[in-house]
Amino acid sequence: MDKTRIDRWLWAVRLFKTRSAAQRACEGGHVQVNGRRAKPATSVRVGDTVEARAGGRQRVVEVTQIIDTRVSASVARGCLTDHSPAPTPAEHQPSVPTRERGTGRPTKRERRLLEREWGSRRP
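To convert, take the position in the sequence shown, counting from 1, and add 995; that gives the numbering used here.
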């Protein structure tokens, strides 16, 4: 096999959890193959550079092996070469702020203050 669909390859190498998520990313313009915007049926070959916005990060990978089926994470790492920029320190922070241990359940007033502070990041 010398080529496959980009949505299938992105799912197989575990850049997206589901194939439909990979398709939506392609349709939304979040995936580029060799600098061109990719549709879900765009073919990829060995040596192509794929840029994808996945998991809140910009991923830049080079295709080193073509696969059609989802494989384990260790095998998937061998199918691509990652050229992505290092994650920023903000990406290493937990997505949900934590409370001090032993403080117990927040009161109604504390909860409202926390919701106002956290905004949409509420658990």
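A virtual CB, placed ideally from N, CA and C, is assigned to each residue, including glycine.
Just measuring C-alpha positions, the residue of Ile-1062, Val-1039, Ala-1017, Gln-1018 sitting nearest Cys-1074 is Ile-1062.
The count of Cβ pairs closer than 8 Å, one atom from the region 1094 to 1105 and one from the region 1021 to 1038, stays below three, leaving the stretches out of contact. Collapsing the DSSP output to three states places Arg-1014 in a helix. The distance from the Cβ of Ala-1047 to that of Leu-1005 is about 6 Å, consistent with a contact at the 8 Å cut-off.
Under DSSP, the beta-bridge partners assigned to Leu-1075 are Val-1058.
Comparing C-alpha distances from Asp-997 to each of Ala-1020, Ala-1017, Ser-1015, Val-1058 shows the shortest one belongs to Val-1058.
Taken through DSSP and simplified to helix, strand or coil, Glu-1105 comes out as helix.
Taking all protein chains shown into account, Ala-1081 has fewer than 16 neighbouring C-beta atoms within 10 Å of its C-beta and is therefore exposed. Secondary structure note for Ala-1007: its alpha helix (DSSP H) is the uninterrupted segment 1001 to 1007.
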